[in-house]
Amino acid sequence: MRVLLVGAGGVGTAITRIAARRDFFEAVVVADYDPARAESAVAALGGDGRFLAERVDASDEAAVAALLARHRCDVLLNATDPRFVMPLFRAARTARARYLDMAMSLSRPHPERPYEECGVRLGDEQFAQAADWEREGLLALVGMGVEPGLSDVFARHAADELFDEIEEIGVRDGANLTVDGYDFAPSFSIWTTIEECLNPPVVYEEGRGWFTTEPFSEPEVFDFPEGIGKVECVNVEHEEVLLVPRWVGARRVTFKYGLGGEFIDTLKTLHRLGLDRTDPATVPGPDGRPVAVSPRDVVAACLPDPATLGGRMHGKTCAGTWVRGTRDGASREVYLYHVVDNQWSMAEYGCQAVVWQTAVNPVVALELVAAGVWAGAGVLGPEAFPARPFLDLLTEYGSPWGMREG
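With positions in the sequence shown counted from 1, the corresponding number in my numbering is that position plus 3.
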């Protein structure tokens, strides 16, 4: 397997450090718009000749396809933000390479009823091309990070081995992470966080299908394991709700994120001020001439890079899937989860917990694809594949998962 990894930020760099300890691939080309970032990621691996750095503009489909061809890469792994999903997705198909991402194509709210009906849903643009990928015998594995990704694998595992019937699948994400020296320092891309938290959340119900609600709706207090404790969680737009019902039978599917009141208030303020917008605003440049800038890009530029915060972070992050249903005629409720301690991930990999937890899952998936354990064609989510091989390999990577009954 020869991999083109596009994006050498926090998650991309963590991917290289995790993959460097495995032997299932021949080469990884690490490409970024900023060549210094790609070179830094490769240099940190201590001369591992399987990795090399390149520069590429992720929005330039022809350039990405040419890079795939030049290095004979048969897989494109997308570690950029969701804006670049579609150009990279199309470039992979042009080059006849398999494709893997950790998010999906962006949504657009319903123009008249944004908090009741779906407009363009997450992944719609990709699934519209599923028949073409399947006809050409190419695999696009979408939503294969931690959430979405491992959370979807947990849903499939619950359906396969733990339940006869499932009433509800609810992804629940929470943490007790703190960052020294900052009043506000998100542990993951603020661009992506704004996108998913301020868009209308999506809920799935059997018989009704997908529908939307108000941002931060249906608050609940969820008790997270391994000392994290109780965190208030709210509805947030996320890919699992769009993926799980395609392959796993459940009467209801939700995603709730443990954001905390202060974080929610900050996001609401950004929205009120229009600083969550991605369309350009015109401002005076250094020479007085007008310059067009995206307000959301300005917010991201003003905040610390999450990848650099590991040394200041303390605590744990938890990704997991809560499932309620029946087994052998009796009611059952479980929480399948994966916890990463920032102290461990920094000591072991030099990566903060949130980006490491996101990065490990696509590497595990690539190893299963390379071995032929996960195989298929078309646009497929993690639920389309058997869960047990993934969970066993994740444990082999030194990061076991857990299950709590009740």
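Ideal Cβ placement from N, Cα and C applies to all residues, glycine included. In this text the structure is predicted, and so the values were computed from the model without any measurement.
Counted within 10 angstroms of its Cβ, other Cβ atoms place threonine 181 as buried (16 or more) or exposed: exposed
Element boundaries [alpha helix (DSSP H), containing alanine 69]: 64-73
Spatial distance of serine 402 from isoleucine 18 (CA atoms): 14 Å
Alpha-carbon spacing of alanine 30 relative to arginine 255, whole angstroms: 42 Å
Entirely enclosed beta strand (DSSP E) segments - the region 265-349, minimum 3 residues: 284-287, 293-296, 319-330, 333-344
Glutamate 386, buried or exposed, once every other Cβ within 10 Å from all chains shown has been counted against 16: buried
Continuous beta strand (DSSP E) assignments of at least 3 residues falling wholly in the region 366-390: 381-383
Threonine 83 and alanine 61 closer than 8 Å at C-beta: yes
Residue burial classification, threonine 324 (beta-carbon count within 10 angstroms, cutoff 16): buried
Local Cβ density within 10 Å of aspartate 395, reported as buried at 16 or more and exposed below that: exposed
Separation of leucine 383 from leucine 142, as counted between CA atoms: 7 Å
Contact check, methionine 44 vs alanine 22, beta carbons under 8 Å: The sequence as given places alanine at residue 44; methionine does not occur at that position. Cβ atoms of alanine 44 and alanine 22: not closer than 8 Å.
Length-filtered (3 minimum) beta strand (DSSP E) runs lying within the region 75-130: 78-81, 101-104
Nearest-angstrom beta carbon gap, glycine 148 and proline 307 [assumed within contact, 8 Å]: Actually they are not in contact, since the Cβ atoms of proline 307 and glycine 148 sit about 21 Å apart, beyond 8 Å.
Residue interval of the alpha helix (DSSP H) (run including arginine 20): 13-22
Euclidean distance between Cα positions of glutamate 115 and tryptophan 347: 47 Å
Where arginine 249 falls: helix, strand or coil (DSSP): helix
Where alanine 56 falls: helix, strand or coil (DSSP): strand
Spatial neighbours of glycine 173 in its chain, beta-carbon cut-off 6 Å, leaving aside the 5 residues before and after: Thr257, Trp325
Candidates Ala41, Arg93, Gly50, Pro298, of which the one nearest valine 14 by Cα: Ala41
Three-state class that DSSP yields for asparagine 364 in the structure shown: helix
One or two residues paired with isoleucine 172 in a DSSP bridge: Val256, Val326
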